[in-house]
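Engineer:
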Amino acid sequence: SVADDTPEIILGFSVRDNWKLDDVHLNATIQRFNDEEIVLADWDLSSIEASAASTQYDLVSNWSTPGEPSSKADDLGLAFELEGLEAGIHTISIRLTEDGDPWENTWSKVYTLNVQIQ
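Using this note's numbering, read the sequence shown as starting at 651 and increasing by one per residue.
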């Protein structure tokens, strides 16, 4: 719940150090129930966009989860400002694809974010 009708919400997560970051492609989206899907990321982790998301992550000084999402020095923390979120249920989908030698891995997860304005 947020007390402001224009809340600042930042989504943060990390890619663990056991992935070869130069070979990873990230696709992340957010969608409010029955609304158009918004692409947060659709790029390689070696890209300029990933560098900007990593810088945004480093600027956040107070993560609200128990512990910082990026807990190891070699993890790559990424953050996305979720601008203009209205109250309601939002679905966040994250998919990582590592296509390198010798590893080919895929990981995906769907999260639910419930924004409530007080």
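All C-beta atoms in this analysis are idealised placements derived from N, C-alpha and C, irrespective of residue type, glycine included.
A quick note: this is a predicted structure, and the numbers were derived from the prediction, not measured.
(1) Rounded to whole angstroms, how far is the Cβ of I680 from the Cβ of L690, which I believe are closer than 8 Å?
(2) Roughly how many angstroms lie between the CA atoms of T756 and E736, to the nearest whole one?
(3) Per DSSP, which residues does W669 bridge with? Please list them.
(4) Should E748 be labelled buried (16 or more other beta-carbon atoms within 10 Å of its own) or exposed?
(5) On a Cα-Cα basis, can you pick out the residue from P752, L671, T762 and S758 that is closest to S704?
(6) Provide the residue(s) that pair with A678 in DSSP beta bridges, ordered along the chain.
Structural biologist: Well, looking at it:
(1) 6 Å
(2) 31 Å
(3) For W669, which the question treats as bridged, DSSP gives no partner whatsoever.
(4) buried
(5) L671
(6) A691 and I744
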